[in-house]
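Quick note, the sequence shown lines up with residues 1 to 308 if you use our numbering.
Every residue, glycine too, gets a C-beta built ideally from N, C-alpha and C.
Bear in mind the structure is a predicted one, so any value in this text is a computation, not a measurement.
Below: the structure, in structure tokens.
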Amino acid sequence: MIKLDLKNQRLLKEIEEDGFQSISSIAKKIQVSKEIAHYRLNKLIKIGFIIDFRLIVDYFLLGYKYYRLALNIHNLKYDSRKRIISELKNIKKFDFRIYLSTDWDLEINIWVKHSIDFYEFYSDLINKYGEFIIDKEIHIITKLYLLNHTYLHNNFKIITLGESKEYKNLDELDLKIIEELQKNPRSNIVDLSTKLNIPVTTLYYRIKLLRKSKILKAIVPNFKKSLLGYNTYRVEMTLQNPSQKNRLITFLCSKTEVIRIAELIGNRDIDFEVDFKTTEELDHFLEELRISVNIIRDFEVINLVTGD
């Protein structure tokens, strides 16, 4: 277990507020030297609390669809599951979750340009591992809300993906910039311009335009919250009246423990992720939710482990 002092809380607040800003800018805002800010950030990385940084791209704006495939593979040996995950990591625009305490074992989330792309991926997966898969479930994610870890630093921020349906076109250089930033979101701009063989001014201007057009939404840290005693849970819900889901979303956005909300097409209408230290805290939260937003038909709680 670790504890975050006030300076580290303010450091995390600034990183979540704007992950594109330099360490000098962060140092100025938290009123320490650049060297101390750099030391504190590196220490949080070294002890494993900050796992990595992730570039948030609104692929909805580029005409992509977001599919989720959940698999029940209880009879699959550990080595075989490890092999599946290793193969999946080679896929671009992909992430996954491992489930605990549920009928499902593995979740695959993938961005595709066309539905046929998902079908080809799905068919290939079934052809390779179908004999091990007991059951499967597919959802299409139509909108995502990513929230700050407000409970760590009392700073609320929400990033919305899928807000606009006005598709945008990018040239080859823009796509290369996004690809390189995904590998290392907090890349040094001089090093990145050298790698891309373009002037620093061009790279800076391109990134500025990508942010202005809301394609590049943010750079966010990925925390190992178990070091603070937190567990992440997903709550998947079917609503009595899906047209009233905005009431539920408004309630969820008011809660500091909520870190992610997804609107779905499939067996469920909406799901969200929350961080709590105990199941008692989770139960209390769910009780308040059911009383405050009385449009829930049924729900399932899943204990999540990220793909890291």
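Below 8 Å on the Cβ atoms is my guess for Asn-155 versus Glu-273; work out the distance and round it to an integer in Å.
Within the sequence shown, the letter at position 155 stands for residue 155. Within the sequence shown, the letter at position 273 stands for residue 273. In fact, because the Cβ distance is near 18 Å, the residues do not count as touching under 8 Å.
According to DSSP, is His-139 helix, strand or coil?
Along the sequence shown, read from residue 1 onward, the residue named residue 139 stands at position 139. The answer is strand: DSSP assigns His-139 an E or B state.
Going by beta carbon distance, what residues of the same chain come within less than 7 Å of Tyr-64, once the five residues before and after it are set aside?
Looking up residue 64 in the sequence shown gives position 64. Trp-111, Val-112, Lys-113, listed in sequence order.
Just how far apart, CA to CA, sit Phe-223 and Ile-50?
Residue 223 sits at position 223 when you count from the first residue of the sequence shown. Residue 50 sits at position 50 when you count from the first residue of the sequence shown. Cα to Cα, Phe-223 sits roughly 5 Å from Ile-50.
Under DSSP, the alpha helix (DSSP H) around Phe-285 begins and ends at which residues?
Residue numbering aside, residue 285 sits at position 285 when the sequence shown is read from its first letter. First-last of the alpha helix (DSSP H) with Phe-285: 279 to 292.
To the nearest angstrom, how far is it from the Cα of Ser-193 to the Cα of Glu-179?
In the sequence shown, residue 193 corresponds to position 193, counting from 1. In the sequence shown, residue 179 corresponds to position 179, counting from 1. Whole-angstrom Cα-Cα distance: 13 Å.
Just list the beta strand (DSSP E) runs in the region 233 to 272, keeping only unbroken ones of 3 residues or longer that don't cross its boundaries, in chain order.
Taking only runs of at least 3 residues, the beta strand (DSSP E) segments lying wholly in the region 233 to 272 are 258 to 265.
Under 8 Å by Cβ, that's how I've got Leu-61 and Tyr-151 pegged, so tell me the actual separation to the nearest angstrom.
Here residue 61 is taken as the residue at index 61 of the sequence shown, counted from 1. Here residue 151 is taken as the residue at index 151 of the sequence shown, counted from 1. Not a contact, Cβ separation roughly 30 Å.
For Glu-236, is the classification buried or exposed, using 16 other Cβ atoms within 10 angstroms of its Cβ as the cut-off for buried?
Within the sequence shown, numbered from 1, the residue matching residue 236 stands at position 236. By the neighbour-count rule (16 or more Cβ atoms within 10 Å), Glu-236 is buried.
Here's a check: name, in chain order, each residue in its chain whose Cβ is nearer than 6 Å to the Cβ of Val-301, leaving out the five neighbours to either side.
Residue mapping note: residue 301 aligns to position 301 of the sequence shown, counting from 1. Around Val-301: Tyr-233, Val-235.
Sequence-distant residues of its chain with Cβ nearer than 8 Å to Ser-292 (five each side left out):
The residue labelled residue 292 in the question sits at position 292 within the sequence shown. Phe-251, listed in sequence order.
N-terminal and C-terminal residue of the beta strand (DSSP E) that Tyr-66 is part of:
Looking up residue 66 in the sequence shown gives position 66. Element bounds for Tyr-66: 65 to 72.
Figure out for me which residue from Lys-43, Glu-163, Glu-257 has the closest Cα to the Cα of His-149.
For the purposes of this step, residue 149 is identified with residue 149 of the sequence shown, where counting begins at 1. Ranking Lys-43, Glu-163, Glu-257 by Cα distance to His-149 puts Glu-257 first.
So, at 8 Å on beta carbons, what are the nonlocal neighbours of Arg-83 in its own chain, with the 5 sequence-adjacent residues on each side left out?
Here residue 83 refers to the residue found at position 83 when the sequence shown is read from its first residue. Annotation for Arg-83: no residue places its beta carbon closer than 8 Å to its own, counting only its chain and skipping 5 residues before and after.
When you compare the CB positions of Ile-45 and Leu-227, do they come within less than 8 Å of one another, or not?
Reading the sequence shown from its first residue, position 45 is the one you call residue 45. Reading the sequence shown from its first residue, position 227 is the one you call residue 227. No, the pair does not count as a contact, with Cβ atoms beyond the cut-off.
Does the distance from the CB of Leu-264 to the CB of Asp-271 come in under 8 Å?
For the purposes of this step, residue 264 is taken as residue 264 along the sequence shown, with counting starting at 1. For the purposes of this step, residue 271 is taken as residue 271 along the sequence shown, with counting starting at 1. Cβ distance < 8 Å, so Leu-264 and Asp-271 count as in contact.
Glu-16, DSSP secondary structure in three states:
If you number the sequence shown from 1, residue 16 lands on position 16. Assigned with DSSP and collapsed to three states, Glu-16 falls in helix.
Alpha-carbon to alpha-carbon, Val-57 and Ile-108:
Position 108 of the sequence shown, counted from the first residue, corresponds to residue 108. Position 57 of the sequence shown, counted from the first residue, corresponds to residue 57. In a straight line, the C-alpha of Ile-108 is about 18 Å away from that of Val-57.
Who does Thr-150 pair with in a DSSP beta bridge?
For this step, residue 150 is matched to residue 150 along the sequence shown. In the DSSP output, where bridge partners are listed per residue, Thr-150 has none listed.
First and last residue of the uninterrupted alpha helix (DSSP H) at Lys-113
By 1-based counting over the sequence shown, the position of residue 113 is 113. It is not in any alpha helix (DSSP H) - Lys-113 carries neither H nor E in the DSSP assignment.
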